[in-house]
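What follows is a set of notes on a single structure, which appears directly below.
Protein chains: 2
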Amino acid sequence: LSLVAHSFTPLSVCVLLSCLFFLVTLRLIPSVTDVFVAAKMCGRDLSKTTSNPIPEPMGVVVAAAYLVCMFLFLPFPFYYSWYLQSASTLLHEKFAEFICALLCICCMIFLGFADDVFNLRWRVKLFLPTVASLPLLMVYFVTFHSTTIIVPLPLRPLLGLSVDLGVLYYVYMGCLAVFCTNAINILAGVNGLESGQSLVIGVSILINSWYNLGTSQHDCHLFSLYFIIPFVAVCAALTYYNWYPASVFVGDTFCYFAGMTFAVVGILGHFSKTMLLFFIPQVANFLFSCPQLFKFVPCPRHRMPKFDPVKNQLGMSYAAFRPDELSFTSRALVWFFRAFGLAHVRKTSEAGVVEMSNLTIINFVLKVCGPMHERTLTIVLLSIQGACSLFAFWVRYTLVKYFYVD
Amino acid sequence: LSLVAHSFTPLSVCVLLSCLFFLVTLRLIPSVTDVFVAAKMCGRDLSKTTSNPIPEPMGVVVAAAYLVCMFLFLPFPFYYSWYLQSASTLLHEKFAEFICALLCICCMIFLGFADDVFNLRWRVKLFLPTVASLPLLMVYFVTFHSTTIIVPLPLRPLLGLSVDLGVLYYVYMGCLAVFCTNAINILAGVNGLESGQSLVIGVSILINSWYNLGTSQHDCHLFSLYFIIPFVAVCAALTYYNWYPASVFVGDTFCYFAGMTFAVVGILGHFSKTMLLFFIPQVANFLFSCPQLFKFVPCPRHRMPKFDPVKNQLGMSYAAFRPDELSFTSRALVWFFRAFGLAHVRKTSEAGVVEMSNLTIINFVLKVCGPMHERTLTIVLLSIQGACSLFAFWVRYTLVKYFYVD
Ligand SMILES: [Mg+2]
Ligand SMILES: [Mg+2]
Chain B
-7 LSLVAHSFTP LSVCVLLSCL FFLVTLRLIP SVTDVFVAAK MCGRDLSKTT SNPIPEPMGV
53 VVAAAYLVCM FLFLPFPFYY SWYLQSASTL LHEKFAEFIC ALLCICCMIF LGFADDVFNL
113 RWRVKLFLPT VASLPLLMVY FVTFHSTTII VPLPLRPLLG LSVDLGVLYY VYMGCLAVFC
173 TNAINILAGV NGLESGQSLV IGVSILINSW YNLGTSQHDC HLFSLYFIIP FVAVCAALTY
233 YNWYPASVFV GDTFCYFAGM TFAVVGILGH FSKTMLLFFI PQVANFLFSC PQLFKFVPCP
293 RHRMPKFDPV KNQLGMSYAA FRPDELSFTS RALVWFFRAF GLAHVRKTSE AGVVEMSNLT
353 IINFVLKVCG PMHERTLTIV LLSIQGACSL FAFWVRYTLV KYFYVD
Chain R
-7 LSLVAHSFTP LSVCVLLSCL FFLVTLRLIP SVTDVFVAAK MCGRDLSKTT SNPIPEPMGV
53 VVAAAYLVCM FLFLPFPFYY SWYLQSASTL LHEKFAEFIC ALLCICCMIF LGFADDVFNL
113 RWRVKLFLPT VASLPLLMVY FVTFHSTTII VPLPLRPLLG LSVDLGVLYY VYMGCLAVFC
173 TNAINILAGV NGLESGQSLV IGVSILINSW YNLGTSQHDC HLFSLYFIIP FVAVCAALTY
233 YNWYPASVFV GDTFCYFAGM TFAVVGILGH FSKTMLLFFI PQVANFLFSC PQLFKFVPCP
293 RHRMPKFDPV KNQLGMSYAA FRPDELSFTS RALVWFFRAF GLAHVRKTSE AGVVEMSNLT
353 IINFVLKVCG PMHERTLTIV LLSIQGACSL FAFWVRYTLV KYFYVD
């Protein structure tokens, strides 16, 4: 057994299991399509000329596969350590963190699925990730984790070397979970985008953690890899089916699942700032969406791009409203977006009614590049996501020297 | 803080939180009815003359409330211990067990909900609790828990004082989870029965654990109470709405949730044999149902009692079949059940077709006592459940002396 323990590290077991579950998920998704259709869990693709029912939320199946994979992997990082060395308090703490992370992810999947089934309202949607991140906050609290952060160099004259954020740190962690889950959910509506962006972020975290193995942060990044490698595997299988033309939809379940996995890995891996750098397009999309999300500017039910069946292309989608019915702030915002070329505003045939392109980065890309085929749009958006990850690496490993001394 | 820690024990916090969540669940269930109906998550009560849609599976809401309650309670048993004393390996292990138990329960709720939404097939139903109990088995394995059992006195000449069951013990634990979840699910079909039986079993475990506080098994039973008290609270709120005439249905979600909670508490509290004693009616129902479950005797889709709208009473339900199409074993079984008065067999107007009352203890009760009102039937069945719990206490605290020396 000792020989086996030495030749198979937990990390290699993790990679093997992930490959296995990539194949399992690849087989599983088409086999459950009938079950989804029979249960009327399906949606229609508004950007296609056909109207076949598309099974949704397939994120449930992918998430379930992920959980089983993690459950099977669970003993490996710890059993050998305990078998080879003796049990230490630190290892027990790591073990509790590991199960706790799984608990958060599992709870988020459950609540996300409930959201897909019941179509919950916006404020409930914000509440769900908070609930699912509770175990994490509690374990963080119980195990006396530090809530002290190192202050960046430019701010040190003001704040000193480090600051104990105290309860604010818990607020930060809760907000991170809420942000990660919802940020992926609102950058959506094009075949392959939800799963594709999660895949790009997942691979970015994977590369970052792999690069950090062997450094002083070895343990944290190993922990991160244990969670991210299986995630990338099942997410890749999902992307295969969600890619244009999508034969499955991922559902809110998947967005919550992906977001919570990232949040948990970022927090327990102690690289939440780096992780947020991989979310640049999502942050941009969220900030850009704020006027609509918070109802300063009228917001239709769906903001996905508009399908042109003649040219088989996607173009900008618009929200129609009467400017004279808006408040001063709202009109100022519309003027601002129009003046800086961030949104397209046009008159309609009806007198006094104007239309403004919806405030998403998908529409912004379509405004800059013009209408394009759905697959092209996904590729452009994922390329932007990839480019932002490269930028994030540059910030993290080059620019950071001006803010923190290594 | 130290003063607070001494005046509020974790157990009293648990009781307070449970009371709070009893009220929360009581408010929550009626408020989500509209959401369930809008999402078409409802069923029809076949034992009523009206055909209002009844929201189902309400177990989802109850289970979610339970999870939130447990998440909020999570820090209490550990924070004070760590604050007052220092962190010990034993305490860390208890902590990991606690989160692991929550993980199993949460995973079971998710899979149970998926079952309710997708109406999964029988063999998948058996597979789900196995998956959800994986974390428990893994943690048991990793923390080197003993798989040795004490041999009862009569068998000691053969087997010695104790036997190491090894891998068989894991099979036992997995089977316990599968049994507990499905046993509650098949003793169903009458208003208030699923939630009522869970409430009786829950209260029995509560009393047993409370009675054992202060003994050598104190820690295990304290652990059990932390899980069972909130369960009893939310289950009581559910029973209130599920009672005749039911305004909500519990769904498979609740049966899985309740069963997994019992299994986890029994295993980690090290009183799984005692816990099984509280399942006597379920065991009897399962054994009695076996010929139908394993298709030796024809089994209709639903085996719930038949409603007589004229008398407003429930009577036995029957499965119709042609005896000459059955195998020899099947005919022998039918003869056996008829000869021993366990089932009612009657001829139908169609030549060569006979009907046998379905093999459930509900039908058996109706056979012995005659048709009765639905509420009366529930009360009779729950009284049997209660009587069995009293019998279980007698076995556990009196009869056990002949098998194990105290
Ligand atoms: Mg969505
Ligand atoms: Mg059921």
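As you go down the protein sequences, you meet chains B and R in turn.
So for the first sequence, our numbering puts the first residue at -7; every next one is plus one.
So for the second sequence, our numbering puts the first residue at -7; every next one is plus one.
Note that beta-carbon positions come from the ideal geometry of N, C-alpha and C, so glycine has one too.
Every value quoted in this text rests on a predicted model; they were computed, and no experiment measured them.
List the endpoints of the continuous alpha helix (DSSP H) containing residue i.
{"i": "C172/B", "result": "V159 to I178"}
{"i": "S201/R", "result": "L185 to Y203"}
{"i": "C212/B", "result": "H210 to N234"}
{"i": "A311/B", "result": "First-last for A311/B: Y310 to F313, but that is the beta strand (DSSP E), not the alpha helix (DSSP H)."}
{"i": "E366/B", "result": "E366 to Y389"}
{"i": "P149/B", "result": "R148 to L151"}
{"i": "G258/R", "result": "G243 to L260"}
{"i": "K265/B", "result": "S264 to L269"}
{"i": "V24/R", "result": "Segment: none, V24/R is in no alpha helix (DSSP H) and carries neither H nor E."}
Can you grab the Cα-Cα spacing for the pair residue i / residue j, in whole Å?
{"i": "L217/B", "j": "E186/B", "result": "21 Å"}
{"i": "A420/R", "j": "P146/B", "result": "Examination of residue 420/R is not possible in this model, given that chain R is present from -7 through 398 alone."}
{"i": "V116/R", "j": "A106/R", "result": "11 Å"}
{"i": "V224/B", "j": "R388/R", "result": "51 Å"}
{"i": "H365/B", "j": "A30/B", "result": "31 Å"}
{"i": "V416/B", "j": "Y71/R", "result": "A question about residue 416/B goes unanswered here, because the residues of chain B that appear run from -7 up to 398."}
{"i": "I272/B", "j": "Y203/B", "result": "21 Å"}
{"i": "S43/R", "j": "T370/R", "result": "21 Å"}
{"i": "P69/R", "j": "R148/R", "result": "39 Å"}
{"i": "V52/R", "j": "T207/R", "result": "36 Å"}
{"i": "V226/B", "j": "M50/B", "result": "12 Å"}
{"i": "L198/R", "j": "L191/R", "result": "10 Å"}
{"i": "V163/R", "j": "T368/B", "result": "52 Å"}
{"i": "W114/B", "j": "V7/B", "result": "38 Å"}
{"i": "L279/B", "j": "Y58/R", "result": "35 Å"}
{"i": "S309/B", "j": "P290/B", "result": "13 Å"}
{"i": "P22/R", "j": "V240/R", "result": "9 Å"}
{"i": "I101/B", "j": "S381/B", "result": "26 Å"}
{"i": "Y132/B", "j": "P127/R", "result": "21 Å"}
{"i": "V182/R", "j": "L168/R", "result": "25 Å"}
{"i": "Q274/B", "j": "L179/B", "result": "7 Å"}
{"i": "G307/B", "j": "F63/B", "result": "44 Å"}
Residues of chain B with a CB under 9 Å from the CB of residue i: which are they?
{"i": "H294/R", "result": "What H294/R touches in chain B: nothing, since even the nearest Cβ is about 18 Å away."}
{"i": "V123/R", "result": "A56, L59, V60 and F63"}
What is the residue span of the beta strand (DSSP E) that residue i lies within?
{"i": "T140/B", "result": "T140 to I142"}
{"i": "K298/R", "result": "K298 to D300"}
Name the chain B residues that come within less than 7 Å of residue i, Cβ to Cβ?
{"i": "M130/R", "result": "F63, L66 and P67"}
{"i": "L95/R", "result": "I91, L94, L95 and C98"}
{"i": "I371/R", "result": "Those within 7 Å of I371/R in chain B number zero; the least Cβ separation is about 33 Å."}
{"i": "A88/R", "result": "H84, F87, A88 and I91"}
{"i": "V409/R", "result": "With chain R running from -7 to 398 in the structure shown, residue 409/R is simply not present."}
Identify the residues that DSSP records as bridge partners of residue i: which are they?
{"i": "K436/R", "result": "The structure shown has nothing for residue 436/R, since chain R only spans -7 to 398."}
{"i": "R36/B", "result": "P45/B"}
{"i": "F274/R", "result": "Before going on, a small fix: residue 274/R reads as Gln here, not Phe. For Q274/R, which the question treats as bridged, DSSP gives no partner whatsoever."}
{"i": "D156/R", "result": "T140/R"}
{"i": "G307/R", "result": "K298/R"}
Along chain B, which residues have their Cβ under 8 Å away from the Cβ of residue i?
{"i": "N355/R", "result": "Those do not exist, as N355/R stays about 30 Å from chain B at its closest Cβ, beyond 8 Å."}
{"i": "A106/R", "result": "V52, A56 and F105"}
{"i": "V399/R", "result": "Outside the modelled stretch of chain R, which goes from -7 to 398, sits residue 399/R, for which no answer is possible."}
Please compile the residues from chain R whose C-beta is within a distance smaller than 7 Å of the C-beta of residue i.
{"i": "M252/B", "result": "The contacting residues do not exist; M252/B stays about 13 Å from chain R at best."}
{"i": "W102/B", "result": "Note that residue 102/B corresponds to Phe in the displayed sequence, not to Trp. The answer, in chain order, is C98, I101, F102 and F105."}
For a contact meaning CB atoms closer than 8 Å, what does residue i contact in chain R?
{"i": "P127/B", "result": "F63, L66, I91 and L94"}
{"i": "I21/B", "result": "What I21/B touches in chain R: nothing, since even the nearest Cβ is about 14 Å away."}
{"i": "F133/B", "result": "P67 and Y71"}
If the cut is a Cβ gap below 9 Å, which residues of chain R does residue i touch?
{"i": "M33/B", "result": "V109 and F110"}
Members of the region 40 to 72 of chain R that neighbour chain B once the beta carbon cut-off is set at 8 Å
So the close ones are V52, A56, L59, V60, F63, L64, L66, P67, F70 and Y71.
Residues within the region 144 to 166 of chain R neighbouring chain B, beta-carbon criterion of under 9 Å:
So the list is empty, because no residue satisfies the distance condition.
Can you list, in chain order, the residues of the region 251 to 276 of chain R whose Cβ is nearer than 9 Å to any Cβ on chain B?
Per Cβ criterion, the list is empty.
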